[in-house]
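**Q** Take a look at the following structure, please.
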Amino acid sequence: MSDRPEPPDWVVEQPAMTALALGSVLLVLFVLLPYLQYVLFGVVLAYILQPVQRRLEEHVRPTIAAIAVVAATLVVVLLPLIYVVSVAVQQSLRLVRSIRQGEIDVATIESALETNGYAVDLVALYESNQERIATAIQEVTTGAIDLAGSLPGIFIGITITLFVLFALLRDGDQFVAWLEWVLPVDDAVLAELRIGLDRLMWASVVGNVAVAAIQAVMLGVGLAIAGVPAVVFLTVATFVLTLLPLVGAFGIWIPVAAYLVAIGRPTASVAIAVYGLIVTFSDSYLRPALIGRTGAFNSAIIVVGIFGGLVVFGAVGLFIGPVVLGGAKLVLDSFARVHTGEPIANDTLEHSGTDTDVDTGADG
29 MSDRPEPPDW
39 VVEQPAMTAL
49 ALGSVLLVLF
59 VLLPYLQYVL
69 FGVVLAYILQ
79 PVQRRLEEHV
89 RPTIAAIAVV
99 AATLVVVLLP
109 LIYVVSVAVQ
119 QSLRLVRSIR
129 QGEIDVATIE
139 SALETNGYAV
149 DLVALYESNQ
159 ERIATAIQEV
169 TTGAIDLAGS
179 LPGIFIGITI
189 TLFVLFALLR
199 DGDQFVAWLE
209 WVLPVDDAVL
219 AELRIGLDRL
229 MWASVVGNVA
239 VAAIQAVMLG
249 VGLAIAGVPA
259 VVFLTVATFV
269 LTLLPLVGAF
279 GIWIPVAAYL
289 VAIGRPTASV
299 AIAVYGLIVT
309 FSDSYLRPAL
319 IGRTGAFNSA
329 IIVVGIFGGL
339 VVFGAVGLFI
349 GPVVLGGAKL
359 VLDSFARVHT
369 GEPIANDTLE
379 HSGTDTDVDT
389 GADG
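Position one of the sequence shown corresponds to residue 29 (the numbering used here), numbered consecutively onward.
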């Protein structure tokens, strides 16, 4: 890498090669675009499982180690994930069907609420929002039908994810070295970006996704013990809400506690409320234990990144979206330093795109 020309000279003096390189990159993006979310999912899994791959390579060849990790990922992660999501979809549709067919005794719930000091006309409330509810039900049903119709595409996507995972586990270091070699960027800037993106990925995958998964499982176990219906659906919903700042597990256990009061189970309601508070505030202990006291994202980056990532990248956007926004700030910071000639400070990576002590669940 030290023998190549300076990046700005290379780009200016070789315009034809620069245009050819950019055109090739665009063609690659067009090829990847239909299954981009599965490719990115494979990248994320490879990032998480790279330490396991390196441990195995101490005992077996890289190819054998990669095959073993991919097989274990399929059995331990992907298949259970597909099953959980399918059960959650079925439970959500069953819940919607019960509401539409009047299987839920509205009069009993109203009477229980009135006994506890809450006079609510659920029928009038439903009628006033009937159009919105019908639209939401239609969207859920359509989404489930579309999901069932796209099963062959999902199978192809999972196959792509597994192949990407295998390739990156076995040859990921060489691929990163090749990227650093072909990019017309100074080596010091590349090192800065590599370290910064590594910290962003770690904070997103571990600091947000792992903490959300732990809290979702904790609350799901409590809901199952309390005999709450649609536990899998509520657990998945808890996982999604816990990713968001100022929402967290509150968004699930408070309505569940109110529901238990409405059906005449006040003791279970109090138990869920107390346990829900424990789950919510466990964020303050889980996050520092996993990634330390410094969070790599501020609240705006998390919210915009999650929702924007979901729209652009699909489900994998839950953790890729914030990384994209945080990575964009890293790139712009590096560009500004190169443009102004400012040297790279050692503490720049500690604070680039960061807020300290950002909790994404404990505040609500």
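For each residue, glycine too, the CB sits at the ideal point set by N, CA and C.
Treat the numbers as computed from the prediction; the structure is a model and nothing was measured.
Leaving out five residues on either side along the sequence, give the residues of the same chain with a beta carbon under 7 Å from the beta carbon of glycine 200.
**A** Ala74, Gln78
**Q** Leaving aside the five residues before and after alanine 240 along the sequence, list all residues of the same chain whose C-beta is less than 6 Å from its C-beta, in chain order.
**A** Phe267, Thr270, Leu271
**Q** Tell me the rounded alpha-carbon separation between methionine 45 and leucine 305.
**A** 59 Å
**Q** Identify which residue in Ile184, His87, Gly354, Ile76 has its Cα closest to the Cα of leucine 221.
**A** Gly354
**Q** Going along the chain, which residues of its own chain have a beta-carbon closer than 7 Å to the beta-carbon of alanine 96, five neighbours each way excluded?
**A** Leu84
**Q** Nearest to phenylalanine 341 by CA position, among Val53, Gly235, Pro62, is which residue?
**A** For phenylalanine 341, the closest C-alpha among the options Val53, Gly235, Pro62 is that of Pro62.
**Q** Which residue spans inside the region 270–323 form an unbroken beta strand (DSSP E) run of at least 3?
**A** none
**Q** Any chance the CB of leucine 54 is under 7 Å from a heavy atom of the ligand ADP?
**A** Absence of the ligand ADP is noted for the structure shown, with no ligands found whatsoever.
**Q** Looking at the unbroken alpha helix (DSSP H) that takes in leucine 247, where does it start and where does it end?
**A** 239–253
**Q** If I measure Cβ to Cβ from valine 237 and keep anything under 6 Å in the same chain, skipping five residues before and after, which residues do I get?
**A** Phe347
**Q** Examine chain B for any beta-carbon lying closer than 8 Å to the beta-carbon of isoleucine 253, and answer yes or no.
**A** This model lacks chain B altogether; it includes just one protein chain.
**Q** Using a Cβ-Cβ cut-off of 6 Å (strictly less than) and excluding sequence neighbours within five positions of leucine 190, which residues of its own chain qualify?
**A** Val98
**Q** Which two residues bound the contiguous alpha helix (DSSP H) that contains alanine 328?
**A** 327–341
**Q** For proline 257, is the classification buried or exposed, using 16 other Cβ atoms within 10 angstroms of its Cβ as the cut-off for buried?
**A** exposed
**Q** So what's arginine 427 in DSSP terms, helix, strand or just coil?
**A** What is shown of the chain runs 29 to 392, which leaves residue 427 out entirely.
**Q** For glutamate 370, which of helix, strand or coil comes out of DSSP?
**A** coil
**Q** Near valine 344, what residues of its chain come up, given a Cβ to Cβ distance below 6 Å and the 5 sequence neighbours on each side ignored?
**A** Gln65, Leu68, Phe69
**Q** Tell me where the alpha helix (DSSP H) around serine 52 begins and ends.
**A** 43–60
**Q** Say whether the region 201–220 touches the region 242–259, bearing in mind that this needs 3 or more beta-carbon pairs closer than 8 Å, one atom from each stretch.
**A** no
**Q** Could you please give the first and the last residue of the uninterrupted alpha helix (DSSP H) stretch that includes glycine 224?
**A** From DSSP, the alpha helix (DSSP H) with glycine 224 extends over 215–230.
**Q** Could you tell me the distance, in whole angstroms, from the CA atom of proline 43 to the CA atom of glutamine 81?
**A** 40 Å
**Q** Would you mind sorting glutamine 202 into buried or exposed? The rule is 16 or more other CB atoms within 10 Å of its CB.
**A** exposed
**Q** Reducing DSSP to helix, strand and coil, say where valine 256 ends up.
**A** coil
**Q** When you compare each of Pro212, Ala49, Ala299 to leucine 247 by their alpha carbons, which one comes out closest?
**A** The shortest Cα separation from leucine 247 among Pro212, Ala49, Ala299 belongs to Ala299.
**Q** Below 8 Å on the Cβ atoms is my contact criterion, and I expect threonine 263 with arginine 198 to pass it. Report the Cβ-Cβ distance as a whole number of Å.
**A** In this structure threonine 263 does not touch arginine 198 by the C-beta definition: roughly 34 Å separates them, more than the 8 Å allowed.
**Q** Nearest to alanine 116 by alpha carbon, out of Ala296, Val259, Leu314?
**A** Val259
**Q** If you compare alpha carbons, which of Gly292, Trp281, Pro212, Glu370 is closest to leucine 50?
**A** Pro212
**Q** Please classify valine 105 as buried or exposed, where buried requires at least 16 other C-beta atoms within 10 Å of its C-beta.
**A** exposed
**Q** Which value, in whole angstroms, describes the spacing of the CA atoms of phenylalanine 335 and valine 352?
**A** 12 Å
**Q** Please list, in chain order, all residues of the same chain as leucine 338 whose beta carbon is under 8 Å from its beta carbon, the five residues on each side excluded.
**A** Gly345, Leu346, Gly349
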